[in-house]
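Novice: First residue of the sequence shown? That's 452 in our numbering, and the numbers climb one at a time after it. Every residue, glycine too, gets a C-beta built ideally from N, C-alpha and C. Here the structure is a predicted model, which means the values were calculated and not measured.
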Amino acid sequence: MGGILVLNSGSSSIKFALFDESLDETLSGSATEIGGASDLKISSKDLVTKEASADLPDHAAALRAILNAIQTEGVDIANLAGAGHRVVHGGSVLQAAIRVDGQVIAEIERCSDLAPLHNPHNLAAIMALRDLAPDLVQVACFDTAFHASNPEVARRYALPDRPEMETLRRYGFHGISYQGLIKKLADVSETGVPNRLLAFHLGNGASLCAIKSGQSVATTMGYSPLEGLTMGTRTGNIDGNLVLRLAEENGIEDTKELLNKKSGLLGLGGLSDMRTLHAAETDASRFAVEHFCYWAVRHAGSMIAAMGGLDGIAFTGGIGENDAVVRQKIISGLRFLGATCDPQSNDSNRSRIDVSGSTVPIWIVKAEEEKTIAAETQKLIA
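Dropping the structure here:
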């Protein structure tokens with residue numbers, strides 16, 4: 452079996468990674484600013500990085516440039532075993548990784564109404580690759596799929612039972628990250644994955660997941676990635692009537708922009724990046740960090756209740772893996788449950804950061820979304 456190409460396509464970029472048969476990453480990179488002054492970057496496993504400007508008017512051109520760059524590195528596209536794609540929304544039908552065919556393409560397109568900022572671009576990469584390499588097997592992996600195990604009472608909003616409202620439910624996101632976290636934790640933990648695991652995916656987008664017996668039973672994001680925690684530019688939970696008032700006063704489009712791109716840490720502290728907020732040391736920046744941590748702890752209580760208790764905590768994502776201050780604040784808020792952080796281990800970003808004697812083990816787990824997609828793709832084409 453040949454290698455696996457993994458693609459993560461956004462509105463103006465395509466990130467990619469290439470894995471060998473042992474699922475070791477051999478190449479990675481990105482095509483950015485598609486449609487403008489584009490750049491193409493590729494890095495090998497020995498950390499040699501090549502960058503170049505490129506004319507990439509659309510996703511098809513970007514993907515063609517990526518395939519050419521990969522071939523320049525000595526990889527014959529014809530010998531690849533398959534390609535795996537991150538697709539944000541699978542709706543209520545696509546609830547597991549699946550080989551792409553005409554029906555799958557149609558269903559991903561149907562779900563575009565649920566994820567208009569993501570699914571069309573995910574699909575653009577699938578269609579472009581199908582044209583460029585028609586014999587290559589493609590697999591779609593969905594960010595919503597991991598949460599399909601949530602009980603109906605967790606997924607259903609208290610809305611009338613009408614056919615037109617059937618798709619208005621909590622889907623949850625970051626599922627590929629949580630799926631990879633479970634696999635990685637099983638490898639690094641001496642006692643395996645805790646039965647009731649509280650998982651924090653903290654980055655510019657942030658969510659929590661209650662994982663019981665290896666399955667998601669509750670998560671903080673809902674119908675869209677807006678719900679839940681305070682995030683880089685998203686509000687997190689907000690009263691529906693307040694949204695209606697904002698829409699009445701500012702219009703739908705401006706309100707959408709406000710809630711998704713101008714709020715969260717950016718709205719509170721003037722900066723969306725947690726590192727720059729720490730460095731700013733202003734009253735507003737300090738309040739933004741406190742707000743982020745307060746709501747992470749408060750939502751954690753909800754997740755713990757959904758599991759009926761707590762046996763372990765895991766942090767992943769850019770903030771979760773690298774920000775000792777945020778981790779310390781969150782763990783301090785959960786101290787009443789027996790979670791205690793070892794300052795030295797936490798400051799050093801070690802894989803296990805709970806103090807000796809803590810009744811709740813605490814891990815930092817490196818996010819491996821691309822490798823998780825590669826593994827799912829390999830399983831489906833074997």
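Looking only at DSSP bridge pairs, what is residue 757 linked to?
Specialist: Taking the sequence shown and counting its residues from 1, the one referred to as residue 757 is at position 306. The partner list for residue 757 (beta bridge, DSSP) is empty, contrary to what the question assumes.
Novice: Note down the Cα distance separating residue 474 from residue 456, rounded to an integer number of angstroms.
Specialist: Here the question's residue 474 lines up with position 23 in the sequence shown. Here the question's residue 456 lines up with position 5 in the sequence shown. If I take the Cα positions, the gap works out to 11 Å.
Novice: What do you get for residue 732, buried or exposed, if any count of 16 or more other CB atoms within 10 angstroms of its CB means buried?
Specialist: Numbered from its first residue, the sequence shown carries residue 732 at position 281. Exposed.
Novice: Relative to the C-alpha of residue 764, which residue among 756, 782 and 757 is closest?
Specialist: Translated into the one-based positions of the sequence shown, residue 764 becomes position 313. Of 756, 782 and 757, the residue nearest in Cα terms is 782.
Novice: Can you tell me the Cα-Cα spacing of residue 621 and residue 660, whole angstroms?
Specialist: Residue mapping note: residue 621 aligns to position 170 of the sequence shown, counting from 1. Residue mapping note: residue 660 aligns to position 209 of the sequence shown, counting from 1. Answer to the nearest angstrom: the Cα atoms are 13 Å apart.
Novice: From residue 629 to residue 788, what does the alpha carbon distance come to, in whole angstroms?
Specialist: In the sequence shown, the residue the question calls residue 629 occupies position 178. In the sequence shown, the residue the question calls residue 788 occupies position 337. Cα to Cα, residue 629 sits roughly 23 Å from residue 788.
Novice: Mind checking who residue 459 pairs with in its DSSP beta bridge?
Specialist: Taking the first residue of the sequence shown as position 1, residue 459 is located at position 8. According to DSSP, residue 459 bridges with 466.
Novice: By a C-beta neighbour count over all protein chains shown, 10 Å radius and 16 as the cutoff for buried, is residue 481 buried or exposed?
Specialist: What you label residue 481 is simply residue 30 of the sequence shown in a count that begins at 1. Residue 481 sits buried, since 16 or more C-beta atoms from the chains shown fall within 10 Å of its C-beta.
Novice: Report all residues from its chain with a CB closer than 6 Å to the CB of residue 479; omit the five preceding and five following residues, and keep chain order.
Specialist: Here residue 479 refers to the residue found at position 28 when the sequence shown is read from its first residue. If we look at residue 479 and ignore the five residues flanking it on each side, its Cβ neighbours are 468 and 494.
Novice: On the criterion of 16 or more Cβ atoms from any shown chain inside 10 Å, does residue 813 qualify as buried, or is it exposed?
Specialist: Position 362 of the sequence shown, counted from the start, is the residue given in the question as residue 813. When all chains shown are included, residue 813 counts as buried.
Novice: Thinking C-alpha only, which one of 627, 613 and 706 is nearest residue 822?
Specialist: The sequence position of residue 822 within the sequence shown is 371, counting from 1. Ranking the options by Cα distance to residue 822, first place goes to 627.
Novice: DSSP three-state call for residue 920: helix, strand or coil?
Specialist: Residue 920 lies beyond the range of the chain shown here (452 to 833); nothing can be said about it.
Novice: Taking 7 Å as the line, does the beta carbon of residue 744 fall inside it for any heavy atom of the ligand GDP?
Specialist: Ligands in the displayed structure: none, and consequently the ligand GDP is not present.
Novice: Going by the DSSP bridge assignment, what does residue 729 pair with across the sheet?
Specialist: As a first step, residue 729 must be located in the sequence shown, where it is residue number 278. Beta-bridge pairing links residue 729 to no other residue.
Novice: Which same chain residues, not among the five before or five after residue 664, have their C-beta less than 8 Å away from its C-beta?
Specialist: Numbered from 1 along the sequence shown, position 213 holds the residue referred to as residue 664. Answer for residue 664: 646, listed in chain order.
Novice: Classify residue 676 as buried or exposed, calling it buried when 16 or more other Cβ atoms lie within 10 Å of its own Cβ.
Specialist: Position 225 of the sequence shown, counted from the start, is the residue given in the question as residue 676. It counts as buried.
Novice: Have a look at residue 698 and residue 719 and give me their C-alpha separation to the nearest angstrom.
Specialist: Here residue 698 corresponds to residue number 247 of the sequence shown, with the count starting at 1. Here residue 719 corresponds to residue number 268 of the sequence shown, with the count starting at 1. Cα to Cα, residue 698 sits roughly 20 Å from residue 719.
Novice: With H, G and I counted as helix, E and B as strand and the rest as coil, what does DSSP make of residue 546?
Specialist: Against the sequence shown, residue 546 aligns to sequence position 95. In this structure, residue 546 counts as coil in the three-state DSSP scheme.
Novice: So what does DSSP say about residue 721, is it helix, strand or coil?
Specialist: The residue labelled residue 721 in the question sits at position 270 within the sequence shown. Of the three classes helix, strand and coil, the one that applies to residue 721 here is coil, per DSSP.
Novice: Apart from the five residues on each side of it in sequence, which residues of its chain come closer than 7 Å, Cβ to Cβ, to residue 841?
Specialist: This structure does not reach residue 841, given that the chain is present from 452 up to 833, and the question cannot be answered.
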